[in-house]
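Visitor: Numbering (my numbering), first residue to last: 215 to 521.
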């Protein structure tokens, strides 16, 4: 949300999340995340009635008035009034979803160009199979519910950013298996097309909550091997599976295994780098020059200085 602290807000927005909770005084309230093309912001709607809980649900467009403020270092909106958009007002949720900064066509063409650099036949066949399997969702889904690349097309744009970084690393350091690195980069987050619900009011699916995108894509690699008559336990496939299984780096971050290959370590570091930069840049966007940003939960609640 492109508003400064203490600036009044009067606009139509999408309800990305709206969770009913109970305050210490026993009264219900709604913890809401509002979203439009410029980003998102949270707010509390106090003393919510049964009708409010029933009306203000994720995916609805509302007319919102309030003021941006900071609470414990985090940006939020102090809600003054909220109502559902009428039929004569902007009410299509897709209009309020942020989009990737580059066109889908251009992202798709550049990612597909990397396929010709995956010269190992097994990896190439698996990557092509899974890209085709997720042809629509891969280019429309976000890369996350919040934090980084949480917008329509964010998954493919995040993937392309890592591929671009990987190409630079390959050009700088000898001895890197570029085809393996590129194949792992393309597949590492594609399980999010099952883990997440989509670009509008993104939620974790039941499957996503119970299994997670890392295990999901490993299973899909095995499924692709079955379809393509490949040995899922063969050396080439095991190397590719290790790339996706280890890309979160540490056990406490969700990796079933830590990186044990140079290419896996590079993928993990590039994934972390791209996500961190996007989180910091998104927060600094609404930070005045010469001041510290609000705290970023995904980066250990650190604040960042804007010179």
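We put the beta carbon where it would ideally sit given N, CA and C, even for glycine.
If contact is defined by three or more beta carbon pairs under 8 Å, each pair taking one atom from either stretch, is the segment 318–325 in contact with the segment 261–272?
Guide: no
Visitor: Residue 421 to residue 430, Cα distance in whole Å?
Guide: 9 Å
Visitor: Quick check: what's the CA-CA separation for residue 519 versus residue 427?
Guide: Taking the straight line from one Cα to the other gives about 33 Å.
Visitor: Starting from the C-beta of residue 407, find all residues in its chain whose C-beta is less than 8 Å away, skip the five residues before and the five after it, and write them out in chain order.
Guide: 348, 351, 352, 355, 369
Visitor: Over the uninterrupted alpha helix (DSSP H) stretch that includes residue 442, give me the two end residues.
Guide: 427–442
Visitor: Let's see if you can read the secondary structure: which residues bound the alpha helix (DSSP H) around residue 378?
Guide: 368–386
Visitor: Only counting runs of 4 or more residues, tell me where the alpha helix (DSSP H) segments fall wholly within the segment 309–343, in order along the chain.
Guide: 318–328
Visitor: What does a CB cutoff of less than 8 Å around residue 315 pick up in its chain, not counting 5 residues either side in sequence?
Guide: 371
Visitor: Helix, strand or coil for residue 561? Go by DSSP, reduced to three states.
Guide: There is no way to answer for residue 561, as the model of the chain reaches only from 215 to 521.
Visitor: What's the C-alpha gap between residue 241 and residue 259?
Guide: 11 Å
Visitor: Could you say if the segment 465–479 and the segment 443–452 meet the contact criterion of at least three C-beta pairs nearer than 8 Å?
Guide: Flag = no, the segment 465–479 and the segment 443–452 do not touch.
Visitor: Rounded to the nearest angstrom, how far is the Cβ of residue 508 from that of residue 497, given a contact under 8 Å?
Guide: 6 Å
Visitor: If residue 283 sits next to residue 292, beta carbons under 8 Å apart, how far is it from one beta carbon to the other, in whole angstroms?
Guide: About 5 Å separates the beta carbon of residue 283 from that of residue 292, a gap short enough to meet the 8 Å contact definition.
Visitor: Relative to the alpha-carbon of residue 340, which residue among 458, 416, 385 has its alpha-carbon at the smallest distance?
Guide: 458
Visitor: In the structure shown, what three-state DSSP assignment does residue 280 receive?
Guide: strand
Visitor: Can you tell me where the alpha helix (DSSP H) with residue 423 in it begins and where it stops?
Guide: 420–424
Visitor: Alpha carbon to alpha carbon, how far is residue 367 from residue 273?
Guide: 18 Å
Visitor: Determine the closest residue to residue 297 out of 450, 307, 270, 482, with distance taken between C-alpha atoms.
Guide: 270
Visitor: Have a look at residue 360 and residue 403 and give me their C-alpha separation to the nearest angstrom.
Guide: Spanning the alpha carbons of residue 360 and residue 403 requires a straight line of approximately 15 Å.
Visitor: Taking only the alpha-carbon atoms, compute the straight-line gap between residue 279 and residue 224 and give it to the nearest angstrom.
Guide: In a straight line, the C-alpha of residue 279 is about 4 Å away from that of residue 224.
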